[in-house]
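All remarks here apply to the structure that follows.
There are 2 protein chains.
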Amino acid sequence: MTVSNVMNNRPVSESTRKQVLEAMRLLNYQPSAIARGLNRKPMDTLGIVLPHTYHSPTSHPYYAPVLDGIMAAAVVLHKDVTIYTGNLCSEDGVGFRRYRDGRADGLIMIGRAIPKSQVQSLIDVGLPIVTIGNYYESPEINTVGIDNGKSMAALVRHLADLGHERIAFLEGVDDEVDAGPRLGAFFDAVEAAGLRRDLAHAQFPGFTAPKIQQAVDVITAMPLSKRPTAVCAFNDELALATIEGLARAGIRVPEDISVTGFDDTPAAIAGNVTTMRQPMRKIGMRGAQILVDVLRGDVSGPICETFETEIVVRGTTGPVKA
Amino acid sequence: MTVSNVMNNRPVSESTRKQVLEAMRLLNYQPSAIARGLNRKPMDTLGIVLPHTYHSPTSHPYYAPVLDGIMAAAVVLHKDVTIYTGNLCSEDGVGFRRYRDGRADGLIMIGRAIPKSQVQSLIDVGLPIVTIGNYYESPEINTVGIDNGKSMAALVRHLADLGHERIAFLEGVDDEVDAGPRLGAFFDAVEAAGLRRDLAHAQFPGFTAPKIQQAVDVITAMPLSKRPTAVCAFNDELALATIEGLARAGIRVPEDISVTGFDDTPAAIAGNVTTMRQPMRKIGMRGAQILVDVLRGDVSGPICETFETEIVVRGTTGPVKA
DNA sequence: ACCGGTTAGTCAACCGGTTAAGCACCGGTA
DNA sequence: TACCGGTGCTTAACCGGTTGACTAACCGGT
Numbered sequence: 082m083t084v085s086n087v088m089n090n091r092p093v094s095e096s097t098r099k100q101v102l103e104a105m106r107l108l109n110y111q112p113s114a115i116a117r118g119l120n121r122k123p124m125d126t127l128g129i130v131l132p133h134t135y136h137s138p139t140s141h142p143y144y145a146p147v148l149d150g151i152m153a154a155a156v157v158l159h160k161d162v163t164i165y166t167g168n169l170c171s172e173d174g175v176g177f178r179r180y181r182d183g184r185a186d187g188l189i190m191i192g193r194a195i196p197k198s199q200v201q202s203l204i205d206v207g208l209p210i211v212t213i214g215n216y217y218e219s220p221e222i223n224t225v226g227i228d229n230g231k232s233m234a235a236l237v238r239h240l241a242d243l244g245h246e247r248i249a250f251l252e253g254v255d256d257e258v259d260a261g262p263r264l265g266a267f268f269d270a271v272e273a274a275g276l277r278r279d280l281a282h283a284q285f286p287g288f289t290a291p292k293i294q295q296a297v298d299v300i301t302a303m304p305l306s307k308r309p310t311a312v313c314a315f316n317d318e319l320a321l322a323t324i325e326g327l328a329r330a331g332i333r334v335p336e337d338i339s340v341t342g343f344d345d346t347p348a349a350i351a352g353n354v355t356t357m358r359q360p361m362r363k364i365g366m367r368g369a370q371i372l373v374d375v376l377r378g379d380v381s382g383p384i385c386e387t388f389e390t391e392i393v394v395r396g397t398t399g400p401v402k403a
Numbered sequence: 082m083t084v085s086n087v088m089n090n091r092p093v094s095e096s097t098r099k100q101v102l103e104a105m106r107l108l109n110y111q112p113s114a115i116a117r118g119l120n121r122k123p124m125d126t127l128g129i130v131l132p133h134t135y136h137s138p139t140s141h142p143y144y145a146p147v148l149d150g151i152m153a154a155a156v157v158l159h160k161d162v163t164i165y166t167g168n169l170c171s172e173d174g175v176g177f178r179r180y181r182d183g184r185a186d187g188l189i190m191i192g193r194a195i196p197k198s199q200v201q202s203l204i205d206v207g208l209p210i211v212t213i214g215n216y217y218e219s220p221e222i223n224t225v226g227i228d229n230g231k232s233m234a235a236l237v238r239h240l241a242d243l244g245h246e247r248i249a250f251l252e253g254v255d256d257e258v259d260a261g262p263r264l265g266a267f268f269d270a271v272e273a274a275g276l277r278r279d280l281a282h283a284q285f286p287g288f289t290a291p292k293i294q295q296a297v298d299v300i301t302a303m304p305l306s307k308r309p310t311a312v313c314a315f316n317d318e319l320a321l322a323t324i325e326g327l328a329r330a331g332i333r334v335p336e337d338i339s340v341t342g343f344d345d346t347p348a349a350i351a352g353n354v355t356t357m358r359q360p361m362r363k364i365g366m367r368g369a370q371i372l373v374d375v376l377r378g379d380v381s382g383p384i385c386e387t388f389e390t391e392i393v394v395r396g397t398t399g400p401v402k403a
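Which chain is which? The protein sequence lines are A and B, in order. Just so you know, we're using the working numbering here: the first sequence kicks off at 82 and counts up by one. Just so you know, we're using the working numbering here: the second sequence kicks off at 82 and counts up by one.
Here it is in structure tokens:
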């Protein structure tokens, strides 16, 4: 069709082009992105995959700024964004192939959505993928995030400088999902800071507030000589829950126990929590940019980028009690 | 194709069905939503239209919870969500027909995205539309929001009860866009509260912080006998900016001037601002539900629903100075 | 009048589903 | 045997674009 040629700026005589444009205007014509997509043309749409545990991503202190970054980049890159709402793992054996329904050119997966055992299924979708804040170390998957090793090292270093020798890590991730590198990074950081690894604790997995209370109870039940003097929580939310739990047990922060969070969310600012700031919006923007680059074929191998983090020292960490 | 019959639970013999399902499994088959959509079948996707002034909707104190509600409803309703990122009004004369590209079955427009003069263009898109927090009073457009009249009346009533007689309204909306009903509601509320309308002020449009400073300057320049003793801001963001501006001028809140916000965002809680709470998440959920109802043909006329609001009295309003 | 080359526009096929019509088969009824 | 209705599967057409092959027209040069 000549119309198609006009739309795609193909060589068409000026008179014909004018005729076509005039007809388009009269008919209020809008080409169907769907019909175009049927022929394997790009849809100019980025698909967003979220872990099914978060049904309020746009109010989440981590997901919201990341999404913001993605949206901001999408505006500049002239891409629309489709958020897939379906449960990730519900349909037995279906895997993730539903994302191959042709609506999105590529996928951005935020957070630790799926266990490593299902990564192959995700790769089988066949779409270019960028994961954000996750690290599957697969040649087919691009990743943007932070250097957990460096970040934990800085936090532990800060605590060590304050004299802390017994530090606990509150994992805070549902054990169904792979714990990821932050836990390992914690132990490495403990050693790097010259502390005895066997004095570190990390046996407190569990994302929900009640479980946090369990972890707090374990800590408070320990004799003072063995009790950790500092707690590194997986994120700010957990740190604040921990502080609350400790307060209920009559333990003061930071006088008795220091607590650190992660992410530097507004809650951490409000709660005056020492934490690790990561540029979530930038990470989201970069993720979208990488996906578009991959779609354009501008890049070859898998991309794995990390952004710098920055420790923010506030009022929940202090020198160890004499 | 028999496959299509199997997928749609049409009458197919059990043996054939099994064969098909087995083949689907072997081939890792995923039907193309695009090809299906080409035949005017629903895409099961809700389109979100945002005003181009907000490039960070998922961090916005109003847009984020509304989006959350939409997403939560979409999960339950088995719909995906596509956020259109393009500038709403950039392409001359194109109007909004780009939303008719077939990717979404209907549109949800959040906030005052477009001036009333362009509403017809929006209707011409031909898709079912739900606007949220906006009121075009068109038979083709469904709406969810709040009763601005009641809400403003409650705020003004509250101020009147505290003895305020001269109240200013800070419009706070870019004048390029229709001001909407909240301003009119303010004047009605002033009269309903038995106050003299001519003592009310509302000549301070402008959304940005610098403009707010202008408005504050106008107020502070007024002689005490004419100066408003209370200010109703369009939203919490503006209220807080106003409070800051007043503080710079050495005017105390609420001792010298009372200030009210709108929306009851986290910032209002943190700033201890008297404000009007609206159930943003519920509004978003209901908007999505209405759109789906319309798509199903379950409803006839245009739907226009309002949710109840609730005044939240905090520390920025107090009795008028003697 | 013939020729090679470029340009402009038309035609047919295709993408991958859905839909409607067609057809073979079968049991029941007249 | 003829007719009928229902079932199960196949075939053809269609949705609305894109793509590539093909035709038609135009051009200057011999």
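Glycine residues also receive a C-beta, built at the ideal position from the N, C-alpha and C atoms. Keep in mind that this is a model prediction, so the values were computed, not measured.
Element boundaries [beta strand (DSSP E), containing residue i]
i, result
"F315/A", "No beta strand (DSSP E) holds F315/A; DSSP gives it neither H nor E."
"D379/B", "Where D379/B is concerned, there is no enclosing beta strand (DSSP E), given that its DSSP letter is neither H nor E."
"I392/A", "391–393"
"V225/B", "222–227"
"G128/B", "126–130"
"I332/B", "First-last for I332/B: undefined, no H or E at that position."
"I164/A", "161–165"
"R358/B", "356–358"
Residue i: contacting residues in chain A (beta-carbon distance under 7 Å)
i, result
"G73/B", "There is no way to answer for residue 73/B, as the model of chain B reaches only from 82 to 403."
"R179/B", "Q111"
"G192/B", "None at all; the shortest Cβ gap to chain A is about 14 Å."
"D344/B", "Neighbours of D344/B on chain A: none; closest Cβ ~14 Å, over 7 Å."
"D205/B", "N109"
DSSP-derived helix/strand/coil call for residue i
i, result
"V340/B", "strand"
"G244/B", "coil"
"L280/B", "helix"
"E386/A", "strand"
"L188/A", "strand"
"R91/A", "coil"
"T83/A", "helix"
"V401/A", "coil"
"Q370/A", "helix"
"I195/A", "coil"
"D256/B", "Below a pLDDT of 50, predicted positions are generally treated as unreliable, and D256/B, at 44, falls in that range; no measurement from the model is reported."
8 Å Cβ cut-off: residues of chain B touching residue i
i, result
"M152/A", "H136, S137, P138, T139, I164, T166"
"A145/A", "T139, S140, A145"
Residues near residue i in its chain [Cβ-Cβ closer than 6 Å; skip 5 each side]
i, result
"A311/A", "L240, H245, I248, S339"
"Q370/A", "A154"
"F177/A", "S202, L203, V206"
"C385/B", "T224"
"D337/B", "none"
"Y217/A", "V200"
Whole-Å CB distance - residue i paired with residue j, under 8 Å assumed
i, j, result
"T163/B", "A185/B", "5 Å"
"G187/A", "L119/A", "Not a contact, Cβ separation roughly 18 Å."
"Y165/B", "Y180/B", "6 Å"
"I129/B", "I189/B", "5 Å"
"L243/B", "V401/B", "6 Å"
Residue range of the alpha helix (DSSP H) that includes residue i
i, result
"F250/B", "Note, F250/B: premise wrong, no alpha helix (DSSP H); beta strand (DSSP E) at 248–251."
"E103/A", "95–108"
"L208/B", "L208/B -> no alpha helix (DSSP H), and no H or E assigned at all."
"Y144/B", "144–158"
"I115/A", "114–119"
"V271/B", "262–273"
"P347/B", "347–352"
Own chain residues within Cβ distance below 8 Å of residue i, not counting five before or after
i, result
"V237/B", "I248, F267, A270, V271, A273, A274, L276, C313"
"T341/A", "L236, H239, L240, A311, V312, C313, A314, A320, V354, T355, T356, M357, T397, T398"
Contacts of residue i in chain A (Cβ-Cβ under 9 Å)
i, result
"K160/B", "T166"
"A155/B", "I164, T166"
Neighbouring residues, chain B, relative to residue i (Cβ below 7 Å)
i, result
"L305/A", "Near L305/A there are no residues of chain B at all, since even the closest Cβ is about 37 Å away, more than 7 Å."
"D118/A", "The displayed chain sequence assigns Gly, not Asp, to residue 118/A. Near G118/A (Cβ distances below 7 Å), the residues of chain B are I115."
"A273/A", "None at all; the shortest Cβ gap to chain B is about 35 Å."
"A104/A", "Going along chain B, no residue has its Cβ under 7 Å from A104/A, so there is no contact; the nearest lies around 14 Å."
Same chain only: Cβ atoms within 7 Å of residue i, ignoring 5 sequence neighbours per side
i, result
"K122/A", "none"
Per-residue contacts from residue i into chain A (C-beta, under 8 Å)
i, result
"L148/B", "T139"
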